[in-house]
Amino acid sequence: MQAFYVRHEFKTIEEIKDNLITNYNQLVEEYSNYTEEKLFEYTQSYWGVRYSRFEWLLQMLGHIYHHRGQLHTYILIDSKGIEVQLFE
706 MQAFYVRHEF KTIEEIKDNL ITNYNQLVEE YSNYTEEKLF EYTQSYWGVR YSRFEWLLQM
766 LGHIYHHRGQ LHTYILIDSK GIEVQLFE
């Protein structure tokens, strides 16, 4: 995993934004091509966890919400006003 992070280290906010958009678009493209059968096929991560592709998608969504909450907390701790509604 360390090698992955070394290759994917972003230095600017612009790099972060660009990569978030690029990776999101790749994810949408990949998942849009799955049949229902393929979506419920199980795959295994390199660390041994097995989920269906649909379950992996749910895991990714949960992970995004987790980091979104972390970011919100860090901004509040740093006493910066936040003008973004995170939840409806």
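Going by the numbering used here, the first residue of the sequence shown is number 706, and it counts up by one from there.
Think of the CB as a built atom: it goes at the ideal place given N, C-alpha and C, for glycine as much as any other residue.
Is any heavy atom in the ligand ZN found nearer than 6 Å to the beta carbon of residue i?
| i | result |
| --- | --- |
| T778 | Looking for the ligand ZN in the displayed structure turns up nothing, as the structure carries no ligands at all. |
With a cut-off of 8 Å on the beta carbons, I'd call residue i and residue j a contact; round off their distance for me.
| i | j | result |
| --- | --- | --- |
| S757 | E741 | About 11 Å separates the two Cβ atoms, so there is no contact after all. |
Please name the residue in the options whose C-alpha comes closest to that of residue i.
| i | options | result |
| --- | --- | --- |
| L744 | L781, W761 and I780 | W761 |
Would you kindly work out how many angstroms separate the C-alpha atoms of residue i and residue j, rounded to a whole number?
| i | j | result |
| --- | --- | --- |
| I782 | R773 | 14 Å |
| Q707 | Q790 | 33 Å |
| Y710 | F759 | 25 Å |
| Q731 | Q749 | 20 Å |
| E734 | N728 | 10 Å |
| H713 | Y751 | 18 Å |
With 7 Å as the threshold, decide whether the Cβ of residue i is near any Cβ in chain D.
| i | result |
| --- | --- |
| W752 | Chain labels in this structure do not include chain D; a single protein chain is all it has. |
Which runs of the beta strand (DSSP E) fall wholly inside the stretch 749-774 and span at least 3 residues, in chain order? Fully enclosed beta strand (DSSP E) runs of 3 or longer: 755-757.
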